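Asks: Before we start, here is the structure in question, set down as structure tokens.
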Amino acid sequence: MIRSEDVFKPDFKGNSDFKGPIVLHMSDQEGFGDVSLGMKIAKFLAKKYPNAPIYVLAREDSVKKISQIEPSFLDGEVYPQIGVVNTTTTHGSVIGRICGKAQLAVETAICEGSLTLHHKNSDCAKIFIGEYGLYEVTPEKEPIYKPPIICLSGNVGVGKDYPGILIESDLKEFSRLSPPAKQNARAKIIDGIESSLKKQILGNWGGDTSSFLAKNSFAFSYYNWPFSYKRAATVFAASNEPGKHANFFVSASTKDDKDKKTLLMLQEPDFQEKLKQLGYTKLVFHIGDSEKPQEIILDRSNPEGREFRVFERNRFTLETTLDLMRLSDVCGVAGDQSLTEAFSLGAVPVPEEWYCQRDIIRQISSTYYEYTAMQKVHENTWRVMDSVDRWAEAGEQIRRRRSSVESVITKFQEEANLYNALDYRLNLEFDKPKQEDIDKYNQSFIETLKVGQKGRKNDKDNAFYIATEIARYYAKWQPSEPLTMSKILDTMNAHVGKRITHIDSISNVTIKEKDCELVSSERSGSFFKRNITHKPSRNKELLTKLHSLQQQHFASGSVETGTQEKSTILKEKLSDIRHPALTEDDLHLAVKYLAGLDIDKLGEKVGFGHTQYVGKTLNTSYHFVEKITPCEDKPIKENKKFTITLESNYSTDERYNVTLSREQVYEFAEKQKELEAQSTYSC
């Protein structure tokens with residue numbers, strides 16, 4: 177066999193030399209989708225540019241949402257490159273300094289003019305990544321930003337103005353697991369899910385979790401309107417394999433009694449009758465954490481038969497939500513975040529006609545659903561708001577043509593991935609010579625495979641034709657990635673006995689195990705060549721050519737800095753750009769600012785009772801001792817920590833030494849400058 181360390185799995189792409197800084201303006205209107213989009217882009221940039229500090233500028237309400245979505249995003253440990261700047265509380269001069277040093281500026285979700293407002297006089301690269309479908313470019317509609325600003329908003333279609341939506345690589349990998357591997361992964365999810373929900377899901381089940389999964393299917397739903405849950409429930413019920421129980425998770429807010437209205441709709445007579453027609457004999461509701469389910473018998477002749485179970489929560493935690501979506505083959509989606517996760521996981525999305533989803537769903541359906549198995553699913557759900565019969569027809573289409581539906585989702589994952597488009601555009605901005613080398617290498621790789629195919633016997637000719645078409649496909653849709661034989665063979669091996677239906681040029685070709693062997697084997701198939709002439713096989717010659725291509729286009733990467741050292745360096749970069757070295761004057765100004773605050777306000781500003789001396793309070797007898805002291809016996813500019821003292825008028829009361837960061841001292845000094853400037857202006 178050809179050795180994987182030679183050409184099959186080369187590590188020749190290397191990291192970019194781009195060192196930033198990067199500024200990301202996180203625009204946010206409502207919900208969690210806008211914030212989630214900004215976080216995803218920041219993480220992508222951190223991975224692509226591991227040596228670049230990244231500043232995420234976000235309002236206070238957005239910072240709170242970040243802490244709910246992923247608290248570790250804020251702590252600087254998991255993502256040492258990323259510093260979140262609260263624009264509500266940060267002085268304008270600090271924000272100006274951060275933006276002034278940017279080498280790449282990005283605005284996400286909603287266009288608030290940040291790229292022109294904060295980077296007006298800068299020639300740094302600027303990219304706008306807008307909410308899905310909201311910023312489509314048409315002959316009648318100009319782009320929200322004009323060149324040289326790059327617009328890569330989430331649109332699905334044909335051409336550079338339609339880069340796709342975010343497809344998360346880890347979720348996509350989960351979707352590609354083999355059925356046994358996915359079953360095992362889902363069993364682990366249920367075993368590790370929060371205890372009250374796990375107890376409701378498993379009920380009185382006495383066997384192992386894998387056996388339970390063999391008899392149960394799952395769907396997750398999150399919507400704005402109650403009827404949408406009823407529609408998704410009907411689709412799911414009809415898509416479920418005969419004999420399997422259905423477990424339907426409902427995340428419905430208590431606002432405006434949406435949860436109560438949703439549960440009432442799931443008890444309506446037409447829904448119950450449709451469930452009975454589909455073979456369900458009992459409808460079961462698990463409300464909140466209650467251990468006592470509510471039951472409706474649908475078929476009194478078989479009350480203990482097949483069940484449709486509803487699990488309702490005001491709000492599942494975000495971690496649990498993602499786990500439930502991993503369990504699901506159908507997902508009800510109401511916005512950008514859930515649409516991304518459903519497609520990434522390979523689940524069939526059942527969208528809602530919410531105003532911000534209309535354009536992106538129109539784009540997806542016209543580009544990827546027409547003349548496929550998904551067309552009937554879409555036509556019987558989208559804008560169909562009151563027909564359980566049509567909803568059930570959509571579900572039955574999913575069940576009858578499951579492999580064809582999966583092929584449409586796979587094609588979408590591969591071709592409509594905004595990350596791929598962003599990766600390529602960034603390469604053209606900051607690593608153009610390297611990207612041009614990748615383009616040349618990929619074309620030479622394809623030509624080498626094509627030449628290697630010529631003159632072979634029929635079976636080998638067919639095998640190498642398949643390999644060549646797979647290479648063409650990846651070069652087109654993942655242009656920033658160098659081709660490897662490993663990836664091509666992984667694709668072939670994953671489809672043995674099946675067709676690779678998402679690649680149009682070979683969609684009718686069934687992949688045989690022999691095809692994989694013929695492409696990967698180093699041994700010649702000719703007895704004469706092996707034993708008489710001892711000439712090398714054509715595969716070995718091919719390997720030599722591919723290896724030569726690799727050497728020609730890619731130099732070996734340099735040794736990376738240690739992770740811990742890199743983390744420390746990046747944190748220092750973040751701090752240094754945001755806050756220059758302190759001076760004696762800065763300390764004096766900060767003292768004046770703190771001295772002018774009443775004790776309650778001062779305590780709030782320095783985190784007393786919250787981050788330090790947690791739970792304690794300051795009464796009116798306390799005052800600030802007007803001095804800020806460096807923690808280390810070094811020049812002020814080299815100190816990163818300082819202390820202040822809060823003491824009482826009564827000697828029996830406790831004396832508090834509060835630690836301040838360099839950043840806090842700088843902020844207080846800037847605020848005092850602002851107060852003095854206002855005072856001068858008023859005079």
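Under my numbering, the first residue of the sequence shown carries the number 177, and numbering increases by one thereafter.
Ideal Cβ positions, reconstructed from N, Cα and C, are used throughout, including at glycine.
Model, not experiment: these values are computed from the prediction.
Whole angstroms is fine: what's the gap from Ser372's alpha carbon to Ser351's?
Replies: To locate residue 372, count along the sequence shown from 1; it is residue 196. To locate residue 351, count along the sequence shown from 1; it is residue 175. Spanning the two alpha carbons is a distance of roughly 27 Å.
Asks: What residues in its chain sit with their C-beta under 7 Å from that of Thr865, if we drop five residues either side in the sequence?
Replies: Residue coverage of the chain in this structure runs from 177 to 859, which leaves residue 865 outside it and unanswerable.
Asks: Kindly indicate the opening and closing residues of the beta strand (DSSP E) around Ser393.
Replies: Indexing the sequence shown from 1 puts residue 393 at position 217. Segment 392-398, the beta strand (DSSP E) holding Ser393.
Asks: Among the candidates Phe492, Gln573, Leu310, Leu442, whose CA atom is the shortest distance from the CA of Gln470?
Replies: The sequence position of residue 470 within the sequence shown is 294, counting from 1. Nearest C-alpha to Gln470: Leu442.
Asks: Using a threshold of 8 Å, state whether the C-beta atoms of Ser393 and Tyr405 are closer than that.
Replies: In the sequence shown, the residue the question calls residue 393 occupies position 217. In the sequence shown, the residue the question calls residue 405 occupies position 229. Not in contact: Ser393 and Tyr405 (Cβ atoms no closer than 8 Å).
Asks: Counting beta carbon pairs with one atom in the stretch 571-579 and one in the stretch 327-341, are three or more of them shorter than 8 Å?
Replies: no
Asks: Does the contact criterion of 3 or more C-beta pairs under 8 Å hold for the stretch 424-436 versus the stretch 585-595?
Replies: No, the stretch 424-436 does not touch the stretch 585-595.
Asks: Under a three-way DSSP split, which group does Glu471 fall into?
Replies: Against the sequence shown, residue 471 aligns to sequence position 295. Of the three classes helix, strand and coil, the one that applies to Glu471 here is strand, per DSSP.
Asks: I'd like the list of long-range same chain contacts for Arg485, defined as Cβ closer than 6 Å, with 5 residues on each side in sequence excluded.
Replies: Taking the first residue of the sequence shown as position 1, residue 485 is located at position 309. So the qualifying residues of the chain are Asn423, Val460.
Asks: With a CB to CB cut of under 6 Å and the five nearest residues on each side skipped, what residues in its chain are close to His462?
Replies: By 1-based counting over the sequence shown, the position of residue 462 is 286. Cβ neighbours of His462 beyond the five flanking positions: Gln376, Pro469, Phe487.
Asks: Since I believe Lys224 is in contact with Ser192 (beta carbons under 8 Å), could you give me their beta-carbon distance rounded to a whole number of angstroms?
Replies: Counting from 1 along the sequence shown, the entry for residue 192 is found at position 16. Counting from 1 along the sequence shown, the entry for residue 224 is found at position 48. Sure, about 7 Å apart at Cβ, within 8 Å.
Asks: Identify, in the order they occur along the chain, each residue of the same chain with its Cβ nearer than 7 Å to the Cβ of Asp367, setting aside the five sequence neighbours on each side.
Replies: One-based indexing of the sequence shown puts residue 367 at position 191. So the list reads Thr385, once near-sequence residues are dropped.
Asks: According to the Cβ coordinates, are Ala363 and Leu353 closer than 8 Å?
Replies: Within the sequence shown, residue 363 is the residue found at index 187, counting from 1. Within the sequence shown, residue 353 is the residue found at index 177, counting from 1. Cβ distance not < 8 Å, so Ala363 and Leu353 don't count as in contact.
Asks: Please report the residue range of the alpha helix (DSSP H) in which Gly368 lies.
Replies: Reading the sequence shown from its first residue, position 192 is the one you call residue 368. It spans 355-368 - the alpha helix (DSSP H) in which Gly368 sits, taken as one unbroken run.
Asks: Which same chain residues end up closer than 7 Å to Gln551 when comparing Cβ atoms and leaving out the 5 residues on each side of it in sequence?
Replies: Here residue 551 refers to the residue found at position 375 when the sequence shown is read from its first residue. So the qualifying residues of the chain are Tyr545.
Asks: Tell me which same chain residues have a C-beta within less than 6 Å of the C-beta of Phe492, skipping the five on either side of it?
Replies: Counting from one through the sequence shown, the residue named residue 492 turns up at place 316. Ser427.
Asks: In terms of residue numbering, what span does the alpha helix (DSSP H) encompassing Asn423 cover?
Replies: Position 247 of the sequence shown, counting from 1, holds the residue named residue 423. Segment 421-427 is the beta strand (DSSP E) holding Asn423; no alpha helix (DSSP H) there.
Asks: Evaluate the contact criterion for the stretch 493-506 versus the stretch 549-565: three or more CB pairs, one atom per stretch, below 8 Å.
Replies: no
Asks: Please report the distance separating the alpha-carbon of Ala218 from that of Lys610.
Replies: Numbered from 1 along the sequence shown, position 42 holds the residue referred to as residue 218. Numbered from 1 along the sequence shown, position 434 holds the residue referred to as residue 610. The straight-line gap from Cα to Cα measures roughly 23 Å.
Asks: Using a Cβ-Cβ cut-off of 7 Å (strictly less than) and excluding sequence neighbours within five positions of Arg566, which residues of its own chain qualify?
Replies: Locating residue 566 in the sequence shown gives position 390, counting from the first residue. Here the set comprises Asn556, Val560.
Asks: Identify whether Glu736 lies in helix, strand or coil by the three-state DSSP scheme.
Replies: Here residue 736 refers to the residue found at position 560 when the sequence shown is read from its first residue. At Glu736, the pLDDT of 41 sits below 50, so the modelled position is not reliable; the number obtained from the coordinates is stated separately. Glu736: coil per DSSP, three-state reduction.
Asks: I'd like the list of long-range same chain contacts for Leu725, defined as Cβ closer than 7 Å, with 5 residues on each side in sequence excluded.
Replies: Residue 725 sits at position 549 when you count from the first residue of the sequence shown. Excluding sequence neighbours, Leu725 sits near Tyr617, Ser620, Phe621, Thr624.
Asks: Looking only at C-alpha atoms, which of Lys768, Leu773, Leu770, Leu758 sits nearest to Lys810?
Replies: Working through the sequence shown from its first residue, we reach residue 810 at position 634. When each option's Cα is compared against that of Lys810, the closest is Leu758.
Asks: Which same chain residues end up closer than 8 Å to Leu659 when comparing Cβ atoms and leaving out the 5 residues on each side of it in sequence?
Replies: Counting from one through the sequence shown, the residue named residue 659 turns up at place 483. Taken in chain order, the residues that qualify are Tyr617, Asn618, Phe621, Ile622, Ala647, Tyr650, Ala651.
Asks: Using alpha carbons as the reference points, say which of Leu594, Ser298, Val282 lies closest to Phe860.
Replies: No answer is possible for residue 860: the residues shown for the chain start at 177 and end at 859.
Asks: What residues in its chain sit with their C-beta under 6 Å from that of Arg577, if we drop five residues either side in the sequence?
Replies: In the sequence shown, residue 577 corresponds to position 401, counting from 1. Ala549.
Asks: So, is Pro197 buried or exposed, given that buried needs 16 or more other C-beta atoms within 10 angstroms?
Replies: Stepping through the sequence shown from its first residue, residue 197 is reached at position 21. Looking at its Cβ environment, which holds 16 or more other Cβ atoms inside 10 Å, Pro197 is buried.
Asks: From the DSSP output, read off the bridge partner residues of Cys507.
Replies: Residue 507 sits at position 331 when you count from the first residue of the sequence shown. Its beta-bridge partners are Phe396, Pro525.
Asks: From Asp410 to Leu293, what distance separates their C-alpha atoms?
Replies: If you number the sequence shown from 1, residue 410 lands on position 234. If you number the sequence shown from 1, residue 293 lands on position 117. According to the sequence displayed, residue 410 carries Thr and not Asp. Linking Thr410 to Leu293 through their CA atoms gives a straight-line distance of about 49 Å.
Asks: Whose C-beta lies closer than 7 Å to the C-beta of Ile708 among residues of the same chain, with five residues either side of it excluded?
Replies: On the sequence shown, residue 708 is found 532 positions in, with the first residue counted as 1. Here Ile708 scores only 41 on pLDDT, less than 50, and its place in the model should not be relied on; the value that follows carries that caveat. Excluding sequence neighbours, Ile708 sits near nothing in its chain.
Asks: Taking Gly214 and Ala285 to be in contact with their CB atoms under 8 Å, please state how far apart those CB atoms are, rounded to whole angstroms.
Replies: Within the sequence shown, numbered from 1, the residue matching residue 214 stands at position 38. Within the sequence shown, numbered from 1, the residue matching residue 285 stands at position 109. Contact holds; Cβ gap of about 6 Å.
Asks: Which class does Ile286 belong to by DSSP, given the choice of helix, strand or coil?
Replies: Numbered from its first residue, the sequence shown carries residue 286 at position 110. Ile286: coil per DSSP, three-state reduction.
Asks: DSSP state of Glu861, grouped into three classes?
Replies: Absent from the model: residue 861. The displayed extent of the chain is 177 to 859, so no value can be given.
Asks: When we look at the beta-carbon of Glu307 and count the other beta-carbons within 10 Å, is it buried (16 or more) or exposed?
Replies: As a position in the sequence shown, residue 307 is number 131, starting the count at 1. Glu307 should be labelled buried.
Asks: Shortest alpha-carbon distance to Glu717 belongs to which of Val695, Phe730, Lys322?
Replies: For the purposes of this step, residue 717 is taken as residue 541 along the sequence shown, with counting starting at 1. Of Val695, Phe730, Lys322, the residue nearest in Cα terms is Val695.
Asks: Report yes if the CB atom of Gln533 is closer than 8 Å to the CB atom of Gly508, and no otherwise.
Replies: On the sequence shown, residue 533 is found 357 positions in, with the first residue counted as 1. On the sequence shown, residue 508 is found 332 positions in, with the first residue counted as 1. No, these two residues do not count as a Cβ contact at 8 Å.
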